[in-house]
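A.B. asks: Sharing a structure here in structure tokens format.
Protein chains: 2
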Amino acid sequence: MSDAIDLLAEKLNDKPKLKDLAIRLGVVQREAKELGIPALVIIEGLDASEKGSLLNQILLEMDSRAYEVYSTHASHMEPRAYPLLWRYWNNTPARGRIQFYDRGPYYLVLDAWAEQAIKEKELENYWKHIRNFERQLSEDGVAIAKVFLTVPKKEQAKRFEKLESNPKTAWRVSPKDWRRHKQYKPFMEQVSEMIKSTDAPYAQWEVIDTKTTREAAIKLYLTIIRKLESAIAQKKIQIENAPSTDWISYKGKNYLSQVKFKAPLERAKYKQQLKQRQETIHDLVHEIYSKQIPVVMVYCGWDAAGKGGCIKRLVQGIDPRSYHVTPVGAPTSDELDHHYLWRFWERMPRRGRIEIFDRSWYGRALVERVEKLCSNDGWQRAYREINEMEAHLNDFGTVIIKFWLHIDKETQFERFEARQENPLKQWKITEEDWRNREKWDLYEEAVNEMISKTDKPHAPWTIVPSVCKMRARIQTLDTIIDRLGNALNKSKNPPL
Amino acid sequence: MSDAIDLLAEKLNDKPKLKDLAIRLGVVQREAKELGIPALVIIEGLDASEKGSLLNQILLEMDSRAYEVYSTHASHMEPRAYPLLWRYWNNTPARGRIQFYDRGPYYLVLDAWAEQAIKEKELENYWKHIRNFERQLSEDGVAIAKVFLTVPKKEQAKRFEKLESNPKTAWRVSPKDWRRHKQYKPFMEQVSEMIKSTDAPYAQWEVIDTKTTREAAIKLYLTIIRKLESAIAQKKIQIENAPSTDWISYKGKNYLSQVKFKAPLERAKYKQQLKQRQETIHDLVHEIYSKQIPVVMVYCGWDAAGKGGCIKRLVQGIDPRSYHVTPVGAPTSDELDHHYLWRFWERMPRRGRIEIFDRSWYGRALVERVEKLCSNDGWQRAYREINEMEAHLNDFGTVIIKFWLHIDKETQFERFEARQENPLKQWKITEEDWRNREKWDLYEEAVNEMISKTDKPHAPWTIVPSVCKMRARIQTLDTIIDRLGNALNKSKNPPL
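Sequence order for the protein chains is V and C. Per our numbering, the very first residue in the first sequence carries number 1; after that it's consecutive. Per our numbering, the very first residue in the second sequence carries number 497; after that it's consecutive.
Here you go:
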């Protein structure tokens, strides 16, 4: 195979032919596939920059099983119902596959700015979120190629006029296109700011002038081919240097040791408090729906700490159409083929909906760390990645409520025993639960580090003493009432 | 475990308690899970029939990992962009899981009728499609429970008034609710017609009066529990009687033997014809988009018959935003956990889009039959199931174009050899291709039977002689031009 590549490389040195480039792309794509390298190609550009026909040209020569295309339309599928990056996360490439964006998040932001839905000073915050997105993918091994297609102003006008002169294609030119044409200079200035802000070593922009379509096609091919080639070289080095899996200790603040367990709540008092809280939440959820605020709730905690019971008391009396519970277990093979945040992004709530996670993305910093299911690099990166994800949700207006249900080791033992003795509850306890228990100290360290690194003003942790289940339920409900109430007082609805 | 069930059954004989029913549901649900039984619970009902709170009550006592809820809203997510059953297929239960519909397809149809978007005489056709859907799931092992919740007219008015009297809940009663209230009698008559038409031994309706909520809850519990119990009993019998896998011969018409291969097309002529066809298709696709017609194209054929090349020539010059290619390979584990049509339904195009399948659901009647990947019952049922699916798409206005690319055994041999010798094409040929080739005669029988049983006026097969690849490409394009042209002449847009 490498003979064939050399042969092609030679040919390419003088005058690359499109046919040769197509063959070469096929060769590197198949090698990338064998190595399990995912790739993302973002094609942005001005109107009438031949995006469609250039992309088509590339795709036509590729094996249709190798790639996916996601097309962004400004008006498509209520982009405002979800955070900006939601749809792009849902369309990240699996290992060994190439994902094309026929326009991507840059276009949505620039379009919103040009349509005056976003102010200029807000742009940098959007670029930051997109930068984070690309860095996270890149650190997970995704090869990213970004292309911005341009066309000179005069040539753009010519292309519009040509389309308009033919009754069959006239519909493709909209008043908005001409409006954007008049804004050519300020728009290009903004594009250049955008490129400056989002150009990164792992996600470089290639600006391609499309005045000559053939040359543009050659450049597009070479950009993608080179990106894949360097990803292949990098991957080979990585395979040779397997990372260490030694335990890395955390010496910081011990949050869990400070938890005080109070005496059990009286049953009658509990019943009365529960009823009152549930009624309040019932009303709050209606308001959350009518103000279209999205809410994310995360229930983490020790096995047998009572997560399920707390969730049950929460949803009692809420309209089932307003919430959804996602129980989080071991990832499927499809999920393992993506960035670990992918499967959670898919579940992020649209405006007005409540998504309840029974376990969550924090598994990366807990079970995956303790069981060495990911590299040390992997879980260490996770703190920042999670903070960035939660910041993106928060900017969209999502309320984030996170619980750690805490019990002591003895309480867990008693509950495990009780489950084992009850024929109706035996299914709740497995060998794995006992195995996890043996690693209590490692988990404790992991929980403490996780809290210290991901406790943020907009996404704070609430550590819930749960030796008395009734107290835990009331406290989680009180926290929710508090957070939803605050959110309703200052609700905002950003455009993206 | 069975002791516990007996104990509960005894208790239930006099006065079932809700708590006991909840425990019993948990027990049977776990047994159904272990046996890999999927279950579907459809909850339909009148406005103010306490659907939400009854459903909530059931769900609260269940393990949140065991079920999913899909809620239907008349206005939600552009129901008219996809065929009626598309969203329900996308939400069918995986093996071992329970899927609830908080209102389902019945509601959408009845609502459209009450809003005068559908005429009374059209209803039966919708009921037929829903019947087929339920029968297909049932034959695949899904336990189906259907419940219609009613409330007497006077009581309904009382409930509306109670909601309206409280400023916090007043928003829940809409003018439409009162309109529907005035239509109470004719609406209930239509419901009773619907129940008559869609009641089946495998998907029986249970009509539950909700005047007393507690009694309604007991009936709802018992309906679901009994359905699961009988599915468990049935499954156990099935496990004992493994079906035969003997080859069942087809003696009907031999379509493939009648195919005549003409002399190769001249290259210059081909180029000219290709260009002309592609231009025509380019224009047709614009019209298809502007008239919002959905299109499904299916490319089947022998290995190396040239499917990829035909698809390539088709999409050359079409805007990449208007079509999507789905290459069909072996199903993933998630897909194996569902009805085999599930993964195809997910890909069915919305209005105005073209979905191109590179191999398709016909795999059931071909590779799965020949390789004994499903039971004889399974692939024999497939003809009817596929015909029903295509009829449903056709009623929605979807154009269905199906190709079988035919070559002879010698041509395949030559192409395999040529691929093997070309270092850039070796990846296209695998051991499996050679193995499949050994079973040529069995495949031939399967193809002939498939064509004889699934060739329908609205979804005809085109057998394309493909020994000359150029002829094959032109013929597929001509067929597409013909079919799209006809569809544009009589385009219709039914409401559901």
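In this text, a Cβ means the ideal position worked out from N, Cα and C, and glycines have one as well. Keep in mind that this is a model prediction, so the values were computed, not measured.
#1: Would you mind telling me which residues of chain C sit closer than 8 Å to Thr398 (chain V), beta carbon to beta carbon, in chain order?
#2: Can you name, in chain order, every residue of its own chain whose Cβ lies under 6 Å from the Cβ of Leu40 (chain V), other than the five neighbours on each side?
#3: Give the straight-line distance between the Cα atoms of Ser165 (chain V) and Ala914 (chain C), rounded to the nearest whole angstrom.
#4: Judging by CA-CA distance, which residue of V:Ala263, V:Ala66 and V:Asn387 is the nearest neighbour of Arg132 (chain V)?
#5: Alpha carbon to alpha carbon, what distance is there between Gly397 (chain V) and Ala81 (chain V)?
#6: Near Asn489 (chain V), what residues of its chain come up, given a Cβ to Cβ distance below 6 Å and the 5 sequence neighbours on each side ignored?
#7: If you measure between the beta carbons of Leu393 (chain V) and Val296 (chain V), is that distance less than 8 Å?
#8: Taking the runs of the beta strand (DSSP E) that are 3 residues or longer, which of them lie wholly in the segment 575 to 627 of chain C?
#9: Any chance you could list the beta strand (DSSP E) runs of at least 3 consecutive residues sitting entirely within the segment 191 to 273 of chain V, in chain order?
#10: Counting C-beta neighbours from all protein chains within 10 Å, is the total for His835 (chain C) 16 or more, i.e. buried, or is it exposed?
#11: In three-state DSSP terms, what is Ser322 (chain V)?
#12: Pick from V:Cys300, V:Ala304, V:Leu284 and V:Arg381: whose alpha carbon is nearest that of Phe357 (chain V)?
#13: Going by DSSP in three states, Ser71 (chain V) sits in which element: helix, strand or coil?
#14: Please state the DSSP three-state secondary structure of Cys374 (chain V).
#15: Between the alpha carbons of Glu68 (chain V) and Thr709 (chain C), how many angstroms are there, rounded?
#16: State the Cα-Cα distance for the pair Val605 (chain C) and Ile704 (chain C), rounded to the nearest angstrom.
#17: Here's the rule: buried if 16 or more other CB atoms are within 10 angstroms of the residue's CB, otherwise exposed. What is Met188 (chain V)?
#18: With burial defined as no fewer than 16 other Cβ atoms inside 10 Å of the residue's Cβ, what is the status of Ser360 (chain V): buried or exposed?
#19: Let's see if you can read the secondary structure: which residues bound the beta strand (DSSP E) around Tyr858 (chain C)?
#20: How is the alpha helix (DSSP H) around Lys898 (chain C) delimited, first residue to last?
#21: In the DSSP assignment, the beta strand (DSSP E) including Thr150 (chain V) goes from what residue to what residue?
#22: For Ser2 (chain V), which three-state DSSP category applies?
#23: Does the CB of Ser290 (chain V) have a neighbour CB from chain C at under 8 Å?
#24: Just confirm the distance between the C-beta atoms of Leu645 (chain C) and Leu550 (chain C), as a whole number of angstroms; I'd bet it's less than 8 Å.
#25: Alpha carbon to alpha carbon, what distance is there between Cys468 (chain V) and Ala263 (chain V)?
#26: Buried or exposed: which applies to Gly532 (chain C), given that a residue is buried once 16 or more other Cβ atoms fall within 10 Å of its Cβ?
#27: Pop quiz: Arg655 (chain C) and Ala544 (chain C) are said to be a contact at Cβ under 8 Å. What is the actual Cβ separation, rounded to whole angstroms?
#28: What distance in whole Å lies between the Cβ atoms of Ile903 (chain C) and Ser962 (chain C), which are believed to be in contact at a cut-off of 8 Å?
#29: CA-CA distance, Ala738 (chain C) and Leu869 (chain C)?
#30: Do the segment 268 to 284 of chain V and the segment 313 to 330 of chain V make contact, defined as three or more Cβ pairs closer than 8 Å?
#31: Just the Cα atoms here: how many angstroms apart are Gln525 (chain C) and Leu724 (chain C)?
#32: Around the Cβ of Met497 (chain C), are there at least 16 other Cβ atoms within 10 angstroms (buried) or fewer (exposed)?
#33: Mind listing which residues of the segment 518 to 531 of chain C have their C-beta closer than 8 Å to chain V's C-betas, in chain order?
#34: CB-CB under 6 Å to Gln788 (chain C), same chain, minus the five flanking residues each way: which ones, in chain order?
#35: Sort C:Tyr698, C:Ser740, C:Thr706 and C:Lys747 by Cα distance to Gln730 (chain C) and report the nearest one.
#36: Are the segment 872 to 886 of chain C and the segment 933 to 951 of chain C in contact at 8 Å, needing three or more beta carbon pairs?
C.D. replies: Considering the structure as presented:
#1: Position 398 of the first sequence, counting from 1, holds the residue named residue 398 (chain V). Identification of chain C residues near Thr398 (chain V) by a Cβ-Cβ cut-off of 8 Å yields none; the smallest Cβ-Cβ distance measures about 20 Å.
#2: For the purposes of this step, residue 40 (chain V) is taken as the residue at position 40 of the first sequence. Counting only Cβ-Cβ distances below 6 Å, and skipping sequence neighbours, we find Pro93, Gln99, Val142 and Ile144.
#3: The residue given as residue 165 (chain V) occupies position 165 in the first sequence. The residue given as residue 914 (chain C) occupies position 418 in the second sequence. So the two alpha carbons sit approximately 47 Å from each other.
#4: For this step, residue 132 (chain V) is matched to residue 132 along the first sequence. Just to set this straight, residue 132 (chain V) is Asn in the shown sequence, not Arg. Taking only the C-alpha atoms, the option nearest Asn132 (chain V) is V:Asn387.
#5: Locating residue 81 (chain V) in the first sequence gives position 81, where the first residue counts as 1. Locating residue 397 (chain V) in the first sequence gives position 397, where the first residue counts as 1. It is roughly 11 Å from the alpha-carbon of Ala81 (chain V) to the alpha-carbon of Gly397 (chain V).
#6: Position 489 of the first sequence, counted from the start, is the residue given in the question as residue 489 (chain V). If you ignore the 5 residues before and after Asn489 (chain V), its C-beta comes within less than 6 Å of no other C-beta in its own chain.
#7: For the purposes of this step, residue 393 (chain V) is identified with residue 393 of the first sequence, where counting begins at 1. For the purposes of this step, residue 296 (chain V) is identified with residue 296 of the first sequence, where counting begins at 1. Yes, they are a contact pair.
#8: Taking only runs of at least 3 residues, the beta strand (DSSP E) segments lying wholly in the segment 575 to 627 of chain C are 594 to 598.
#9: Segments of the beta strand (DSSP E) lying fully in the segment 191 to 273 of chain V: 205 to 209.
#10: Counted from its first residue, the second sequence places residue 835 (chain C) at position 339. With 16 or more Cβ atoms within 10 Å of its Cβ, His835 (chain C) is classed as buried.
#11: The count along the first sequence starts at 1 and reaches residue 322 (chain V) at position 322. The answer is coil: DSSP assigns Ser322 (chain V) none of H, G, I, E or B.
#12: Taking the first residue of the first sequence as position 1, residue 357 (chain V) is located at position 357. For Phe357 (chain V), the nearest C-alpha among the options comes from V:Cys300.
#13: Residue numbering aside, residue 71 (chain V) sits at position 71 when the first sequence is read from its first letter. In this structure, Ser71 (chain V) counts as strand in the three-state DSSP scheme.
#14: For this step, residue 374 (chain V) is matched to residue 374 along the first sequence. Here DSSP, grouped into helix, strand and coil, assigns Cys374 (chain V) to coil.
#15: For the purposes of this step, residue 68 (chain V) is identified with residue 68 of the first sequence, where counting begins at 1. For the purposes of this step, residue 709 (chain C) is identified with residue 213 of the second sequence, where counting begins at 1. In this structure, the straight-line span from the alpha carbon of Glu68 (chain V) to that of Thr709 (chain C) is close to 50 Å.
#16: Locating residue 605 (chain C) in the second sequence gives position 109, where the first residue counts as 1. Locating residue 704 (chain C) in the second sequence gives position 208, where the first residue counts as 1. Taking the straight line from one Cα to the other gives about 20 Å.
#17: Counted from its first residue, the first sequence places residue 188 (chain V) at position 188. Classified as exposed, Met188 (chain V) has fewer than 16 neighbouring CB atoms from the shown chains inside 10 Å of its CB.
#18: The residue labelled residue 360 (chain V) in the question sits at position 360 within the first sequence. So Ser360 (chain V) ends up on the buried side.
#19: For this step, residue 858 (chain C) is matched to residue 362 along the second sequence. For Tyr858 (chain C), there is no enclosing beta strand (DSSP E), as DSSP marks it with neither H nor E.
#20: Within the second sequence, residue 898 (chain C) is the residue found at index 402, counting from 1. Looking at the DSSP string, Lys898 (chain C) is not in any alpha helix (DSSP H); the run it does join, the beta strand (DSSP E), is Val895 to His902.
#21: Here residue 150 (chain V) refers to the residue found at position 150 of the first sequence. Taken as a continuous stretch (DSSP letters only), the beta strand (DSSP E) holding Thr150 (chain V) covers Ala143 to Thr150.
#22: Here residue 2 (chain V) corresponds to residue number 2 of the first sequence, with the count starting at 1. Note that Ser2 (chain V) has pLDDT 45, beneath the 50 cutoff, so the model's placement of it is unreliable and no number is given.
#23: The residue given as residue 290 (chain V) occupies position 290 in the first sequence. Chain C contact via Cβ: present.
#24: Here residue 645 (chain C) refers to the residue found at position 149 of the second sequence. Here residue 550 (chain C) refers to the residue found at position 54 of the second sequence. The beta carbons of Leu645 (chain C) and Leu550 (chain C) sit about 7 Å from each other, so the pair counts as a contact at 8 Å.
#25: Residue 263 (chain V) sits at position 263 when you count from the first residue of the first sequence. Residue 468 (chain V) sits at position 468 when you count from the first residue of the first sequence. Roughly 7 Å separates the two Cα atoms.
#26: For the purposes of this step, residue 532 (chain C) is taken as residue 36 along the second sequence, with counting starting at 1. It is exposed - the Cβ of Gly532 (chain C) has fewer than 16 other Cβ atoms within 10 Å.
#27: As a working mapping, residue 655 (chain C) is identified with position 159 in the second sequence. As a working mapping, residue 544 (chain C) is identified with position 48 in the second sequence. The pair is a contact, with the Cβ atoms about 4 Å apart (cut-off 8 Å).
#28: As a working mapping, residue 962 (chain C) is identified with position 466 in the second sequence. As a working mapping, residue 903 (chain C) is identified with position 407 in the second sequence. That belief holds up - the Cβ atoms of Ser962 (chain C) and Ile903 (chain C) are roughly 5 Å apart, short of 8 Å.
#29: Counted from its first residue, the second sequence places residue 738 (chain C) at position 242. Counted from its first residue, the second sequence places residue 869 (chain C) at position 373. The alpha-carbon separation between Ala738 (chain C) and Leu869 (chain C) amounts to approximately 14 Å.
#30: Yes: at least three Cβ pairs fall under 8 Å.
#31: By 1-based counting over the second sequence, the position of residue 525 (chain C) is 29. By 1-based counting over the second sequence, the position of residue 724 (chain C) is 228. So the two alpha carbons sit approximately 7 Å from each other.
#32: Reading the second sequence from its first residue, position 1 is the one you call residue 497 (chain C). Note that Met497 (chain C) scores a pLDDT of 40, beneath 50, so its modelled location is shaky and nothing firm can be said.
#33: Taking a C-beta cut-off of 8 Å against chain V, the contacting residues of the segment 518 to 531 of chain C are Ile519, Gly522, Val523 and Arg526, listed in chain order.
#34: Within the second sequence, the letter at position 292 stands for residue 788 (chain C). Apart from the 5 residues on each side of it in sequence, Gln788 (chain C) sits with its Cβ closer than 6 Å to the Cβ of Arg847 and Gly848 in its chain, given in chain order.
#35: As a first step, residue 730 (chain C) must be located in the second sequence, where it is residue number 234. Cα-wise, what sits closest to Gln730 (chain C) is C:Tyr698.
#36: Touching, yes, given that three or more Cβ pairs across the two stretches are closer than 8 Å.
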